[in-house]
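> There's a structure below that I have some questions on.
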Amino acid sequence: MARPSNGSRSEAVNPIFLTLDEIVAVHRDQIARYGGSEGVRDWGLLKSAIAMPAATFGGQFLHSDLHEMAAAYLFHLVQNHPFIHGNIRVGAVAAYVFLALNDVGLAADNDSYADLVVSVARGETPKSAVAEFLRANTAKG
21 MARPSNGSRS
31 EAVNPIFLTL
41 DEIVAVHRDQ
51 IARYGGSEGV
61 RDWGLLKSAI
71 AMPAATFGGQ
81 FLHSDLHEMA
91 AAYLFHLVQN
101 HPFIHGNIRV
111 GAVAAYVFLA
121 LNDVGLAADN
131 DSYADLVVSV
141 ARGETPKSAV
151 AEFLRANTAK
161 G
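Residue numbers for the sequence shown, in the working numbering: 21 to 161.
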């Protein structure tokens, strides 16, 4: 888990971010549990996807709170399709784990969350709507 010492706005002053190794471990776990081919299709796309939540400009996070950062994990892992299989699952789990690491619990029921993630995969839901869903369906620890 990476924790930058970056002063920023909102509640995301010092969030715990997921590392490349942790995301790859999530992928391996999801493939072991639910099947599919293990492996990274494009390392550049994977690194890009996991860098998005922590991206900054002028000392400020581009994603202003934990919900937007979690949405960035979900959206970019699903849309970038960096793994051979399991991208949707990895995106869903990464957002969930990121929130949990930062003491935010996801309160959405499994079906609603799954519907959201699939709609992202279909290109029907923008990242901003994912952040709004997470904001409406989480509680601080």
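Ideal Cβ placement from N, Cα and C applies to all residues, glycine included.
1. Quick one: Cα of L94 to Cα of G78, how far?
2. Apply the 10 Å Cβ neighbour rule to V44 and answer buried if 16 or more other Cβ atoms are within range, or exposed otherwise.
3. In chain order, which beta strand (DSSP E) runs of at least 3 residues are fully inside the segment 95 to 129?
4. Do H241 and I51 have their C-beta atoms within less than 8 Å of each other?
5. Once the 5 residues before and after M72 are set aside, which same chain residues still bring their CB inside 7 Å of it?
6. Q99: which of G143, F153, L119 and H47 sits nearest, CA to CA?
7. Can you give me the start and stop residues for the beta strand (DSSP E) that A159 sits inside?
8. Quick check: what's the CA-CA separation for A151 versus H83?
9. Please work out which residues of its chain come closer than 6 Å, Cβ to Cβ, to H87, disregarding the five sequence neighbours upstream and downstream, and give them in chain order.
The short version:
1. 25 Å
2. The residue in question, V44, is buried, as its Cβ has 16 or more Cβ neighbours within 10 Å.
3. Within the segment 95 to 129, the complete beta strand (DSSP E) runs of at least 3 residues are 124 to 126.
4. No statement about residue 241 is possible, as the shown extent of the chain runs from 21 to 161 and does not include it.
5. Cβ neighbours of M72 beyond the five flanking positions: A92 and H96.
6. G143
7. T158 to K160
8. 10 Å
9. Cβ neighbours of H87 beyond the five flanking positions: A151, L154 and R155.
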